[in-house]
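*Asks:*
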Amino acid sequence: MLGPDVPWYLVVAGILFGIGAMGVMLRRSPLIVLLSLEIMLNAANLAFVGFARLYGDLDGQIFALAVMAVAASEVVVGLGLIVAMARRKLALDVDSMTELRG
Amino acid sequence: MSVAGAWVCLLAPLAGLLAITGAGTRITRRQAGWIATVSVFVAFAGAVYTLIELIAQDASERERLSTAYTWFEAGRFEAGLQILVDPLAVTMMLVVTGVGGLIVWYSMGYMAGADEERRFFAYMALFVFSMLLLVQAGNLLLLLVGWGLVGLASYLLIGFDHHRPAAIAAAKKAFVMNAVGDATMALGLFLVIAKVGTLDFGPVFRAAEEGALSDTVVTLVALGLLGGAVAKSAQIPLQTWLPDAMEGPTPVSALIHAATMVTAGVYLICRTAPVFEAAPDVQHLAAGLGAVTLLAAGAIALVQWDIKRVIAYSTMSQIGYMFLGAGVGAYGFAMFHLVTHAFFKALLFLAAGVVIHHLAGEQDIRRMGGLRHYLPFTWLVFLVGSLALVGIPPLAGFWSKDAVLASALATGGVLGWSLYLAGLAGTFLTGLYTFRLFFRVFDGEPSPLVLEHAAGHGDHAHGAEDAAGHELHGHGEGPLSMLIPVGALAALTLIGGLLNVPGLWDTFEHWIAETSEPLVEATVGQDYLTSLLAVLLGAAGLLLARRAFLAGKDLVPGTSPLHDALARKLYFDDLYDALFSRPAQALAVRLRDRVETPVVQGSLEEIGTRTQEAAGEVARAQTGLLRTYAVAITGSVVVLAVVFIVVR
Amino acid sequence: MLATLLIVVPLAAALVIWVLPLPRETTAGIAVLAALAEVGLWVGGVFDFSLSPLGIEWVDFGSDQQLFGTSRAWFEELGVSYAVGFYGFQFWLTGLTVVVGACAIGYAMWVGRDRPRAYYGLVLFLVGSLVGVFASQDLLLFYVFFEAMLIPLYVLIGVWGGPQRVKATVTFVIYTMAGSLLMLASVVAFGIGQGTFSLATSGTSSNDWIFLGFVAAFAVKAPLFPFHGWLRDAYTQAPPEVSALLSGVVSKAAVFGLIWVVLPHFPGPVEDFRGLLLVLAAATLVYGSLLAFRQPDIRGVVAYSSMAQMGLITLGIFATNDLGLDGAVLQSVNHGLVSAAMFLLAGMVEERCGTGQLSALGGMAKGRPLLATLVLTTGMIVLAVPGSATFTGEFSILAGVFDHGWGYAAVGAAGIVIAAMYGLRLISALLHEGRGSSVPEDSPDLRAGELGLVVPLVAILLVLSAWPAAVSGNSFPGDAPAETIAGVGG
Amino acid sequence: MGNVVVWIVWLAAAGACLGSGVAVVTLTNPFYSALSLIGNLASLAVLYLLASAEFVAAAQVLVYAGAVMVMFLFVIAYLGGRADAPWAGGPRWLQVAAVVASVALLVEVIVALSFGADSRLGTEREVADSFGSPAEIGRLFLTDHLLAFEITSIVLLVAAVGGVVLGMKTSDEEARD
Amino acid sequence: MTVVGASIPTPDVDWLALSPTVALLAASALCLLGAVIVPQESRRLFSATVAFTGFVAAVVLAVDVFRETPDGVSLIADSMSRDRLAALAQILLAGVGGLAVLVAWGDRRRSHVGEYYALLTAAGAGMVFFVGSANLMTLVLGLEWFSIALYILCALDTDRERSLEAGLKYLVVGSFGSAILLFGAAMTYGATGELGFSAIRDAEGADDPVFVIGLAMIVAGLAFKASAAPFHMWTPDVYEGAPTAVTAFMAAATKAAALVVTLRVLVTAFPEQSEVWTVAVAVLAVASLAIGNLAALVQRDVKRMLAYSSVSQAGFMLIAIAADSSSGGKALLYYLVPYAAASLGAFAIVAARERELERPVTVDAMAGFGWERPLHGAAMWVFMLAFAGFPLTGGFLGKFYVFAAAYEAGWWWLVVVGVLATAISLYYYLGIVRAMYMRPSQVVGSTLAVAGGSPPYDPALGAAVAASVAVVVGSFVFVQPLVDLAADAVAHLPF
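Chains as they are written, first to last, in this note's numbering: chain V, 1 to 102; chain R, 1001 to 1648; chain U, 2001 to 2490; chain W, 3001 to 3177; chain C, 4001 to 4495.
1. Alpha carbon to alpha carbon, how far is Gly2473 (chain U) from Glu1617 (chain R)?
2. Fully enclosed by the segment 2060-2138 of chain U, which beta strand (DSSP E) runs are 3 residues long or longer?
3. Give every residue of the same chain whose Cβ lies closer than 6 Å to the Cβ of Lys1195 (chain R), excluding the five residues on either side of it in the sequence, and list them in chain order.
4. Tell me, to the nearest whole angstrom, how far the beta carbon of Leu4153 (chain C) is from that of Leu4461 (chain C); I am working on the premise that it is less than 8 Å.
5. From C:Ala4423, C:Ala4405, C:Gly4431 and C:Leu4414, pick the residue whose C-alpha is nearest to that of Gly2195 (chain U); which is it?
6. Using a C-beta to C-beta distance shorter than 9 Å, which residues of chain U count as neighbours of Thr1260 (chain R)?
7. Within 10 Å of its beta-carbon, does Arg2299 (chain U) have 16 or more other beta-carbons around it, so buried, or fewer, so exposed?
8. Smallest Cα separation from Met2256 (chain U): which of U:Phe2214, U:Ala2470 and U:Ser2437?
9. Under 8 Å, do Leu4092 (chain C) and Ala4489 (chain C) count as touching if we go by C-beta distance?
10. Cα separation between Leu2051 (chain U) and Asp2322 (chain U)?
11. By how many angstroms is the C-alpha of Met1368 (chain R) removed from the C-alpha of Gly1458 (chain R)?
12. In the DSSP assignment, what residue or residues form a beta bridge with Ser4133 (chain C)?
13. Give the residues of chain U in contact with Thr1070 (chain R), contact being defined as C-beta atoms less than 9 Å apart.
14. Please confirm whether Pro3134 (chain W) has its beta-carbon closer than 8 Å to some beta-carbon of chain V.
15. Who are the Cβ neighbours of Phe48 (chain V) in its own chain at under 6 Å, not counting the five residues just before and after it?
16. Tell me, please, whether the CB atom of Gly3 (chain V) is closer than 8 Å to any CB atom in chain W?
17. Give a yes or no on whether the minimum CB-CB distance between Gly4452 (chain C) and chain V is below 8 Å.
18. Ordered along the chain, which non-local residues of its own chain (more than five positions away) have a Cβ less than 7 Å from that of Thr1184 (chain R)?
19. Note the first and the last residue of the continuous beta strand (DSSP E) segment covering Glu1073 (chain R).
20. Counting only C-beta atoms, is Gly1624 (chain R) closer than 8 Å to chain W at any point?
21. Once you ignore the five residues that flank Ser4198 (chain C) on each side, which residues in its own chain have a CB closer than 8 Å to its CB?
22. To the nearest angstrom, report how far apart Phe1190 (chain R) and Leu2398 (chain U) are at their CA atoms.
23. Tell me, please, whether the CB atom of Val1631 (chain R) is closer than 8 Å to any CB atom in chain U?
24. Roughly how many angstroms lie between the CA atoms of Asn2334 (chain U) and Ala2308 (chain U), to the nearest whole one?
25. Using 8 Å as the limit for Cβ to Cβ distance, is Ser4446 (chain C) near chain U?
26. In the DSSP assignment, what residue or residues form a beta bridge with Trp1505 (chain R)?
27. By Cβ distance, which residues of its chain are closer than 7 Å to Glu2433 (chain U), with the 5 residues on each side in sequence left out?
28. Can you look up Gly1101 (chain R) in the DSSP assignment and give me helix, strand or coil?
29. DSSP on Asp1364 (chain R), reduced to helix/strand/coil?
30. Determine contact between the segment 1578-1596 of chain R and the segment 1307-1318 of chain R, defined as no fewer than three beta-carbon pairs at a distance below 8 Å.
31. I'd like the span of the beta strand (DSSP E) that includes Phe4231 (chain C), first residue to last.
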């Protein structure tokens, strides 16, 4: 194979997943949280693509494509929600959403 | 031989009880009294019939066990509702129903006008039934039932005046102390069941006689029975309830606490003689307790001021003689003394009842005196009774008490001699306290109280029994329904002793011997010697009492430490209070305050609180912050992955 | 068939009452009718109408056959079936249930409980589940009914009880459930281990933990010291008739469980733990008696005396011999009746005086002969005066446990003495001495309706006093209970 | 030599990918974050290409970096200044825990990978040139993965409905306002 | 499909297997259509009817699938399985959905009525599909399908802040969970090179750490959907904030679907690792029991309390999965029936109360409810008893069966934990009963009057409640037939 072996892809995927997860866990802006979620999904996609290459099996790529659609769907809903919240003049800060707790 | 009479005897009072209870207010008080009286006399008739039937039998045939049905059954253990008809039982039946009938009859006059008279007669019927069950019981379990039921009846009757705290307290005390006796007796019976497998007299006695039971077992069983006997018969150390029981109406004292129930212990020892004989130490213990009691009670009687209490201590003392007799194995004489004692002690109580009745409930002999002139008949019968009690011939007490003492002498040895000397000393004391009482009540100048009642317009309460029911003025010697029984008992006291005259005929002793063979037989010489000594000592006591009375002095000076000890009843009440009553109460309170509330209830609350606290912590972990959820998930995944890798 | 009928009739009546919007009187009428029908069915069961030309003959309790049984497949997968039927002691306990149940319902009608539809339905439901418990021949079915009876109890105490009712009911239900859930674990373990849940056909187990699970549940239910934390509040806060059912009948579920679940199926552990259990039972007896002696109110006294009695019964059960077992059954019936009577009487007194505090009561005997007679009679049976049925039971139990050491019997005998103390204290505090501060001068004697509730209970007790062998001699198949029990698991 | 170039490209792409990822997470302004994400997606597309996933790479650019991100930017623009949220903040322990947890997860994954790297993961199969081509992908989507294909569309449809429903001002809101 | 070129072999589509899903999708589409073309005033009637019909049709079709499928088959390159496990789960899910529609009927929303029912049916369709998934891809997609529908449903009351908060939290945390599941799927794929469950089982590399991490992540992702602790934290917030009818559906259906799929995945794909995941599942079960029960103890809001209770119920069901045996499977399936019914019914009651009070239902707000609304009160009582595992409800036999399965499998300590947890749970379950019957009503004359008096009786909700009661009690009486069905369902799982 040209370039690095598959495990390197996976390392990148893993790091990316970690970065995304950290974003979700650290950031308070729902927009950025959504972006971080995208990173996590893409990390998974990268892993899938890498493994697809490893096994010479297109299932992984198909999976990655499907996940893209799913990710898009989540973004749509997420953005819809953010818009609805903005319309309700709610603070766009996940830390302020503590009405429900305990 | 027909046992129908015995069954009639047993069931008639029960029928009376049920009739009175069932009829409730539909019958008058007087009718209730009649029902009770008649039912007891019917029972007496049954007893007499049974006696005749029994006499008609061969001496060896005079024992019949009759079972109505299997009363209790557990696995292979069975106890029938059965009665045993034999000379011992019939004797007791006669005493219980005969004396009982007279006393119930007497009560009709005595209790007239009392509140809740029906209840009184129902209780009396219950008592007679229970007592009959006790003496007729054909096995130990049923005997225990009767044993307990008389305790119940005693409780009910002592506490008859339930609005008086003293009466209630006395009733409770009597019941609880008797329960202690019941308990020890029950323990003895458990041991019997464990070792013999049955409570029927026959097999149990056979086992005891044949030595099938080890010495320890027999001793323990006998101790258990003795415990019951001591409690019921108010012997040391379970004697303290009897004086208090005098809170009950006087007929009750006469019937239960003089004539019948309290002597049940003696009956028990005679009935279970084979067991006691197999455990001679226990039997001797019984005799010893009897001796101690007769002295102690006699001594305490010297300082009592309550007319009934004096007689009550005298009862204890006399039962001490019976125990002494039964303890040395002179069952016949013990029973003989039981019978004569029933006569003269009932007589004394009923006569005292007349006095109390006359004085509208006053019982303190310090406020009496000179009654001889107002109550001549009562004076006479009281004198008869007192002389019989002291054992002056030819009255009943003379024959029976001397026979008991002679048997002690015949036993010999250290034990026999000690018992004998104690008994003799007792006769002296008897003379002393009996006539102290007699003179105080009947002799001398009439007291203000007596005069007041003689005038017939006493109108203030004296705070003693019957106060609620009686309008207070002199009753004289009371109605015929009181006088006839008193007269009948006086007659019995006069002639009762002739049932058994040492050296001439010993009908009674033989009669009892058919059930319980005596262990000792006094010689005629011993008899005469004893009689001589006893009469002399008794008379000496009498005279000393007379002198003291004339001198206006107390027999035991009120300032002496001895007086104090006697007045405090030798400290038994204080001792039990300190040893049992108060620790038990303290224990109960302590358990409630130190265990129940803090530990049992508290631990629950503690668990509840702790759980709530933990729950609060868990809920607080749910911060509502989105980011913490993500952290939790990530962390959990990390941990889960580690677990997976490790477990793998 | 009769067993099923006895279970179904009250449940069906409960449903009818709940579903149909009937007026108060009709509701009460249906409830009473159902309760009486239960009694009638049960009495009908005592006599077997088919055997004799006269049409009436005693059922043969001594036969090895289960009586009036029904068995249907239910949860075959795990070997669970709907199996009900009676052996002697079960039948007696059932009789106790229907009688006390009828009196309780009658009392409720007499008092006129609020929200009658809910109330009567729940009581009937309780009665049905209790009968179910006593008729069970399947372990899981037993557990089902054992738990089901808590459902109505929870509400009955919590809604109709005294001022502390909510705390009382919560403590009661959670405490008893904690115990019975441990039993559920044991039920599972035992049944799965045996491959069947049938009480009659499953064998024995020697697993101590399973055994302890069962014992825990029954120790809470009985209750035994120190598992009685729920007792006082529940017994004093519940409505009197519910207290009657609770202490009189519900606690007997523990008796049933110990006799029919634990003894036959865990002979080994029973042997190993006998000492401990006997000590606990004896401790219960003494502890209950002592606390009864210092309770400030009627129901507190009766409550702790119930506890003491349950300790006694447990002594008999773990004596595991003829005297102990037969005595335990007899005593269960006795205690059920007498404590029911006592609680009903307590209710009647409380209704008259507005309080159950002994210090505020007294002197009620004066002018109230019926009340006095009944309280006295019942009280005397409570304290087991010799000759009473309770005495016979106690005697038999203690004679039985004597086999395992005189100490137990001695403690039991001491218990009898303390029982006399608290019994007399209770009687006197109610009836005797001066009129208590809370006793209205004109408060009436018992009325006919009240008599109709208590007198039957007392009458049965008196009959049992005269003939205890009726129960004790007919409790188990065969003539030796201990052998019969041993035979079930073997 | 091609290898070296590929390596360089790979490293550049991977570096860009991770760098832009970090930028997404760290930048304060959501607008810049979104832009960084575009870079991230684009560099991922390069990695996909290198892993013989041409069609995926294309889709990544078109669908993701194109459509989705445009939507993102549009929303951010719509929100204007309101989109600016505090950076992080919150409890200190939370930040620490977040970092620790992510790093731990990362370490686990990488350790696991390193165990497998020598054996199964180390040796990839030879693949044909058509591997990852639109035709192959399309064929699979219509045969083996027909269901996935259909579901993807349904999911998108549902999301579309959701976007509409949530984005619209409702009569309930009006009633409340 | 015929339009596709000849070079591509058309896959054989088993329409019967897909029919429940398709029926629901059709209903969903109709509802959406209705949202546009049906006039406002009859829209609710139309949509609800269509949705209900769709769910009923799905039930009927699933029953047919069940009867027609004695042996499991996998379809379309092993991406989906048609078997009795799926069919049974579909019957349950669609049934719950139908009842949820009845509960939703009384919801007096003015806007998005058509979309509401469309999304409900769409979520139902997703679950119905999800339980039949046979490879990781269909699994993930099915999960996203119904999840996204539910995210929207949760946030649908855009006028309520809590609804929005719930929606966003669910979305973010849910996507986070999905991402983890997805990454796990990638790892598993990476270790085996396979996506199909049975293929994964047969593949090599089972002891690969990558594989194990993948398994852990998959378990975490599914546990997340089943709201098992410690992945449960979204549950209370979302359940509380979401429209109650949606909560009812979610609580009953999501958990059922997730647990059935967890069972299927673990048993079919990872039998070799059973000693690993049984321990993990047992740990999750214990955590769920502990955390769910403890947290529920201190809740004041009934929906929130029920949410925590659902966490603990998940714990019980995980015990059944941990048993890793056919009786465990049967126990799980049996347990789901009364659980789903009780859960739906309980939220239905809460919905009813909420509608008459027009404020969130706290435990205090339940005071006196039992006397004011006797039938609802009694029903609520039954549901609480079912949760608490009292006899005469299926909840009891469910617990019993679960414990039996666990004990058989040697998990005796799980049985003990379960028993203790049940004891704790009694406090709050009975707390509801306590409030309903033992506390004076605080409502009559005050808030209720402000809310315009009690609303007209809602027969649809009543029917749903009645059906739930019938199932809860019926599953107790007719346990064996249900267990027989469950036995058929798990017969082909490779235990």
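Idealized CB from N, CA, C, for every residue including glycine.
*Replies:* According to the structure shown:
1. Locating residue 2473 (chain U) in the third sequence gives position 473, where the first residue counts as 1. Locating residue 1617 (chain R) in the second sequence gives position 617, where the first residue counts as 1. If I take the Cα positions, the gap works out to 58 Å.
2. Within the segment 2060-2138 of chain U, the complete beta strand (DSSP E) segments at least 3 residues long are 2067-2075 and 2080-2086, listed from N- to C-terminus.
3. For the purposes of this step, residue 1195 (chain R) is taken as residue 195 along the second sequence, with counting starting at 1. Result list for Lys1195 (chain R): Leu1213 and Val1217, in chain order.
4. Translated into the one-based positions of the fifth sequence, residue 4153 (chain C) becomes position 153. Translated into the one-based positions of the fifth sequence, residue 4461 (chain C) becomes position 461. So it is not a contact: roughly 18 Å between Cβ atoms.
5. For the purposes of this step, residue 2195 (chain U) is taken as the residue at position 195 of the third sequence. Answer by Cα proximity: C:Ala4405.
6. Working through the second sequence from its first residue, we reach residue 1260 (chain R) at position 260. Using a Cβ-Cβ cut-off of 9 Å, Thr1260 (chain R) is close to nothing in chain U; its nearest Cβ partner there is about 17 Å away.
7. For the purposes of this step, residue 2299 (chain U) is taken as residue 299 along the third sequence, with counting starting at 1. It counts as buried.
8. Translated into the one-based positions of the third sequence, residue 2256 (chain U) becomes position 256. The residue asked about is misnamed: residue 2256 (chain U) is Phe in this sequence, not Met. It is U:Phe2214 whose Cα lies nearest to the Cα of Phe2256 (chain U).
9. Position 92 of the fifth sequence holds residue 4092 (chain C). Position 489 of the fifth sequence holds residue 4489 (chain C). No, these two residues do not count as a Cβ contact at 8 Å.
10. Start at 1 with the first residue of the third sequence, and residue 2051 (chain U) comes out as number 51. Start at 1 with the first residue of the third sequence, and residue 2322 (chain U) comes out as number 322. Because Leu2051 (chain U) sits at a pLDDT of 41, beneath the cut-off of 50, its placement in the model cannot be relied upon, and the point is left open.
11. Translated into the one-based positions of the second sequence, residue 1458 (chain R) becomes position 458. Translated into the one-based positions of the second sequence, residue 1368 (chain R) becomes position 368. Residue placement at Gly1458 (chain R) cannot be trusted, given a pLDDT of 41 that sits under 50; what the coordinates show is reported in the next sentence. Going from the Cα of Gly1458 (chain R) to the Cα of Met1368 (chain R) covers about 14 Å.
12. What you label residue 4133 (chain C) is simply residue 133 of the fifth sequence in a count that begins at 1. Answer is C:Met4080.
13. Here residue 1070 (chain R) refers to the residue found at position 70 of the second sequence. In chain order: Trp2467, Ala2469 and Gly2473.
14. Translated into positions along the fourth sequence, residue 3134 (chain W) becomes position 134. Output row for Pro3134 (chain W): interface = no.
15. One-based indexing of the first sequence puts residue 48 (chain V) at position 48. Counting only Cβ-Cβ distances below 6 Å, and skipping sequence neighbours, we find Gly60, Phe63 and Ala64.
16. Numbered from its first residue, the first sequence carries residue 3 (chain V) at position 3. Yes, Gly3 (chain V) counts as interfacial toward chain W.
17. Within the fifth sequence, the letter at position 452 stands for residue 4452 (chain C). Note that Gly4452 (chain C) has pLDDT 44, beneath the 50 cutoff, so the model's placement of it is unreliable and the number below is only indicative. Answer no: the Cβ-Cβ gap between Gly4452 (chain C) and chain V never drops below 8 Å.
18. As a first step, residue 1184 (chain R) must be located in the second sequence, where it is residue number 184. Around Thr1184 (chain R): Gly1224, Gly1227 and Gly1228.
19. For the purposes of this step, residue 1073 (chain R) is taken as the residue at position 73 of the second sequence. Counting along the chain, the beta strand (DSSP E) containing Glu1073 (chain R) begins and ends at Arg1064 to Ala1074.
20. Sequence index remark: in the second sequence, residue 1624 (chain R) carries index 624 (1-based). For Gly1624 (chain R), the answer is no, since every Cβ of chain W falls outside 8 Å of its Cβ.
21. One-based indexing of the fifth sequence puts residue 4198 (chain C) at position 198. The answer, listed in chain order, is Ser4074, Asp4078, Ala4134, Thr4268 and Ala4269.
22. Residue mapping note: residue 1190 (chain R) aligns to position 190 of the second sequence, counting from 1. Residue mapping note: residue 2398 (chain U) aligns to position 398 of the third sequence, counting from 1. Going by the C-alpha atoms only, they are around 7 Å apart.
23. On the second sequence, residue 1631 (chain R) is found 631 positions in, with the first residue counted as 1. Closer than 8 Å: no.
24. On the third sequence, residue 2334 (chain U) is found 334 positions in, with the first residue counted as 1. On the third sequence, residue 2308 (chain U) is found 308 positions in, with the first residue counted as 1. Computed Cα separation, rounded: 14 Å.
25. For the purposes of this step, residue 4446 (chain C) is taken as the residue at position 446 of the fifth sequence. With a pLDDT of 48 at Ser4446 (chain C), under the threshold of 50, the modelled position of this residue cannot be trusted; read the value that follows with caution. By this cut-off, Ser4446 (chain C) is not an interface position.
26. If you number the second sequence from 1, residue 1505 (chain R) lands on position 505. Looking at the DSSP assignment, Trp1505 (chain R) forms a beta bridge with R:Val1501.
27. Mapped onto the third sequence, residue 2433 (chain U) falls at position 433. Taken in chain order, the residues that qualify are Gly2362 and Gly2363.
28. For the purposes of this step, residue 1101 (chain R) is taken as the residue at position 101 of the second sequence. In this structure, Gly1101 (chain R) counts as helix in the three-state DSSP scheme.
29. Numbered from 1 along the second sequence, position 364 holds the residue referred to as residue 1364 (chain R). Three-state result, Asp1364 (chain R): strand.
30. no
31. The sequence position of residue 4231 (chain C) within the fifth sequence is 231, counting from 1. Boundaries for Phe4231 (chain C): no beta strand (DSSP E) harbours it, and the DSSP string shows neither H nor E there.
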